[in-house]
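>
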Amino acid sequence: MARNSTSKPPFRWHIAVFLAPAVLVYTAIMILPLFGTMQLSLFRVENQQSFFVGLDNFRTLLGDERWSTSFWNALGNNMWFFVIHMVVQNPIGILLAALLSHPKLRFAAFYRSAIFIPTILSFVIVGFVWKLILSPLWGVAPNMLDLVGLKSLFAPWLGQKEYALTTLGLISVWQFIGIPMMLIYAALLSIPDEIIEAAECDGITGASQFWKIKLPLILPSIGIISILTFVGNFNAFDLIYSAQGALAGPNYSTDILGTFMFRTFFGFQLQVGDKNMGATIASLMFFIILIGVCVYLFGIQRRLRRYQF
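FYI, in the UniProt record's numbering the residues of the sequence shown are 1 to 309.
1. Please classify VAL45 as buried or exposed, where buried requires at least 16 neighbouring CB atoms within 10 angstroms.
2. Do LEU134 and SER253 have their C-beta atoms closer together than 7 Å?
3. In angstroms with no decimal places, state the Cα-to-Cα distance between MET1 and VAL23.
4. Take every Cβ of the segment 52-70, pair it with every Cβ of the segment 138-147, and state whether three or more of those distances are shorter than 8 Å.
5. Closest by CA to LEU228, which one among ALA246, ILE289, MET285, SER283?
6. For PHE107 and LEU34, I'd like the C-alpha separation in whole angstroms.
7. Just the Cα atoms here: how many angstroms apart are LEU239 and LEU132?
8. Which of the three DSSP states is assigned to GLN49 in this structure?
9. Compute the Euclidean distance between the alpha carbons of LEU32 and ILE281, then round it to the nearest angstrom.
10. Can you tell which of ILE115, TYR111, PHE71, ILE184 has its C-alpha closest to the C-alpha of ILE218?
11. Within the same chain, show all residues whose beta-carbon is closer than 7 Å to that of GLY127, passing over the 5 residues directly before and after it, in chain order.
12. What whole-angstrom Cβ distance do THR264 and ASP274 have, given they're in contact under 8 Å?
13. Starting from the C-beta of GLU197, find all residues in its chain whose C-beta is less than 8 Å away, skip the five residues before and the five after it, and write them out in chain order.
14. Can you look up residue 341 in the DSSP assignment and give me helix, strand or coil?
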């Protein structure tokens with residue numbers, strides 16, 4: 001009897017068994033805490049009794065002046081933190097990848113390793129070391145600028161409201177620029193030699209070859225890097241906390257959603273912890289990231305032309 005060509009393929013139990021441990025671990029570590037956080041954001045504690053209040057906590061966070069001022073300040077700082085990485089980190093990472101992928105460059109492996117090393121350093125080490133470097137009292141930054149005649153430009157950047165967040169953003173760029181560099185470097189290496197040779201036969205070489213041939217081919221990789229940058233920056237916490245503390249000074253000028261949520265949930269100094277409002281902030285962080293990812297997946301990624309090699 002002939003087999004029906006439209007029948008569904010048999011369920012592969014060995015694939016399910018192989019994936020089961022990873023699914024269980026991911027569910028226990030990510031999915032259950034996520035739903036637990038969302039559930040906690042729908043309740044409020046009064047007189048040591050927990051009451052279901054629906055979306056009242058979200059309305060309080062966004063509408064009550066005591067909460068909304070801090071929330072919008074933190075969200076604006078998060079946006080600026082993200083813009084710094086998109087405008088500075090990713091373009092420089094692409095430029096470095098293009099230079100390191102040049103076949104005539106000597107010591108390329110050494111340069112790749114040197115640029116990527118800060119990525120593996122602890123946030124605490126990076127924050128503490130840069131705080132020492134930029135210190136106006138015992139830091140080395142004033143002397144280094146003095147060597148090139150630019151000491152007059154030095155200022156206590158981490159202590160000034162106007163420059164503290166930008167300074168931390170640039171420190172974060174220094175630490176993580178190796179990630180977009182390596183991803184773009186791998187994408188450039190995956191371009192077949194036949195395409196490059198054909199471009200050279202047409203007289204397209206140097207920078208023109210990168211802009212006209214290579215860049216369109218690596219646009220999907222650039223899109224992935226952009227969305228990873230967005231997710232990473234809206235989950236940022238460690239560098240701000242290690243360099244500026246939970247209060248994200250001076251005067252909350254470096255406060256982002258991560259530090260705002262930390263102070264609200266756990267409490268800090270005279271501020272009493274509020275787990276329900278902290279969960280509300282965490283839930284909004286999740287929805288902001290979810291919306292950004294969906295915009296990329298359904299609005300941008302579908303328009304990127306992909307090439308099969």
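From the three backbone atoms N, C-alpha and C, an ideal C-beta is built for every residue, glycine too. As the structure is a prediction and not an experimental result, all values here were calculated from the model.
Result, derived from the coordinates:
1. Exposed: under 16 other Cβ atoms inside 10 Å.
2. No, Cβ-Cβ distance for LEU134 and SER253 is not below 7 Å.
3. Residue placement at MET1 is flagged as unreliable, the pLDDT there being 45, under the threshold of 50; a coordinate-derived value is accordingly withheld.
4. Here the segment 52-70 does not lie against the segment 138-147, with fewer than 3 beta-carbon pairs under 8 Å apart.
5. Of the candidates ALA246, ILE289, MET285, SER283, the one whose C-alpha sits nearest the C-alpha of LEU228 is ILE289.
6. Approximately 46 Å, taken between the alpha carbons.
7. Their backbone Cα atoms lie some 14 Å apart in a straight line.
8. Here GLN49 sits in strand by DSSP.
9. Straight-line Cα distance between these residues: approximately 17 Å.
10. The shortest CA-to-CA distance from ILE218 to any of ILE115, TYR111, PHE71, ILE184 is the one to ILE184.
11. If we look at GLY127 and ignore the five residues flanking it on each side, its Cβ neighbours are LEU239, SER242, ALA243.
12. Indeed, because the Cβ distance is near 6 Å, the residues count as touching under 8 Å.
13. Closer than 8 Å at Cβ, skipping near neighbours: no residue.
14. Nothing about residue 341 can be read from this structure; the chain reaches only from 1 to 309.
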